[in-house]
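In what follows, a structure is listed as structure tokens, so that the remarks can point back to it.
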Ligand SMILES: [Zn+2]
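In my numbering, the protein residues as written are 9 to 353.
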């Protein structure tokens with residue numbers, strides 16, 4: 009054996025040993041990494057399980073009229089929820105959980121949260137009576153509404169709402185030039201502004217032109233005062249009024265359809281406080297009229313003009329009844345609830 013080949017052998021042995029050592033090292037490193045990954049995955053799975061256990065579908069059975077939007081919610085979630093429906097032709101849902109009801113039928117909404125799926129049954133159907141609110145989700149909800157203001161009473165009403173931590177919807181006119189700050193305050197305190205009428209003259213019902221001239225003028229006024237537009241409307245006299253017959257036959261049907269086509273929503277009520285009466289009503293009568301309902305969704309008609317002093321006095325008792333009976337207070341903005349009475353002209 010020559011010296012040269014001996015050196016070579018040693019070199020080869022060194023290389024082989026180094027390779028084996030290296031491989032062992034890599035192997036040890038890999039198995040270590042694998043263990044770490046396993047531990048992390050186990051930890052993550054446990055965390056997800058914990059989060060899944062905290063989540064629950066807020067509404068598991070929903071009946072809704074076609075053409076409405078309803079926000080589905082998975083309570084107690086802190087991470088992203090993946091929403092889907094079984095049948096997009098009946099109702100579709102976007103990534104934020106906003107469901108759009110389309111055609112009559114039933115479908116299921118699925119909320120996927122990590123690996124767990126939460127299901128809600130959705131039935132889309134037209135309400136049997138036009139006066140129905142078109143949403144049945146098992147949640148008691150009251151909508152306090154005030155027409156014809158703002159006035160000095162609006163400030164008192166806002167104080168009461170604030171004291172009680174609740175909100176309402178104000179369908180305003182432009183008849184009180186001193187009301188601008190009150191309009192701003194309504195929005196600032198979380199309540200909503202809707203359009204009633206610029207003039208509140210029934211002659212607005214002469215034609216589509218006269219109605220929309222008045223509405224557009226009011227909209228411009230609201231925008232100029234508050235910087236915000238509104239797409240919610242209440243007709244003077246409500247959609248069922250018959251006074252409009254004196255001005256034009258069939259006008260309510262026409263403008264109600266026009267409004268919907270133009271992207272507005274109009275609202276009537278399913279509970280009247282009775283304060284529209286010419287004679288000032290006693291507080292106990294207003295409270296009696298406005299409470300004691302069996303409606304799951306209560307849309308109460310009240311007025312916040314200067315003369316309606318007893319409405320202000322009755323309001324705390326009305327709010328108390330709804331609080332005691334488990335109602336949530338909402339505004340008519342961004343709700344699928346839509347109270348329509350029978351149109352009579
Ligand atoms: Zn009115």
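Just so you know, even glycine gets a beta-carbon here, dropped at the ideal spot from N, CA and C. Because the structure is a prediction, the values reported are computed rather than measured.
_What would DSSP say about residue 124, mapped onto helix, strand or coil?_
DSSP places residue 124 in the strand class (E or B) of the three-state scheme.
_residue 320 versus residue 150: straight-line alpha-carbon distance, rounded_ = 17 Å
*Among 262, 263 and 303, nearest to residue 279 - alpha-carbon criterion*: 303
*For residue 3, which residues does DSSP report across the bridge?*
In this structure the chain extends from 9 to 353, so residue 3 is not present and cannot be described.
*Give me the Cβ distance between residue 205 and residue 222, rounded to the nearest whole Å; I'm assuming they're in contact under 8 Å.*
6 Å
*From the DSSP output, in three-state form, read off residue 254 for me.*
helix
_Given a cut-off of 8 Å on the beta-carbon distance, is the pair residue 130 and residue 70 in contact?_
yes
*Around the C-beta of residue 311, are 16 or more other C-beta atoms found within 10 angstroms, so that it is buried, or is it exposed?*
buried
*asked:* Considering only heavy atoms of ligand 1, does any lie closer than 7 Å to the CB of residue 254?
replied: no
*Same chain, Cβ closer than 8 Å to residue 9, five either side skipped, listed in chain order*: Since pLDDT at residue 9 reaches only 49, below the 50 mark, its modelled position is unreliable, and the value read off the structure follows with that caveat. Cβ contact annotation for residue 9 (same chain, cutoff 8 Å, sequence separation greater than five): none.
*What's the C-alpha gap between residue 255 and residue 143?*
34 Å
_Beta-carbon spacing of residue 157, residue 313 below 8 Å_ = yes
*asked:* Can you find the residues in the same chain that come closer than 6 Å, C-beta to C-beta, to residue 109, ignoring five residues on each side of it along the sequence?
replied: 72, 74, 76, 99 and 132
*To the nearest angstrom, how far is it from the Cα of residue 338 to the Cα of residue 90?*
CA-CA distance, residue 338 to residue 90, rounds to 27 Å.
_Just verifying my parser: in three-state terms, what is the DSSP assignment at residue 140?_
coil
*If you pair each beta-carbon of the segment 165-182 with each one of the segment 321-332, do three or more pairs fall below 8 Å?*
Result yes; three or more Cβ-Cβ pairs closer than 8 Å.
*Would you tell me roughly how many angstroms separate the C-alpha atoms of residue 190 and residue 85, rounded to the nearest one?*
37 Å
*asked:* Can you look up residue 188 in the DSSP assignment and give me helix, strand or coil?
replied: In the three-state scheme derived from DSSP, where H, G and I count as helix and E and B as strand, residue 188 is classed as helix.
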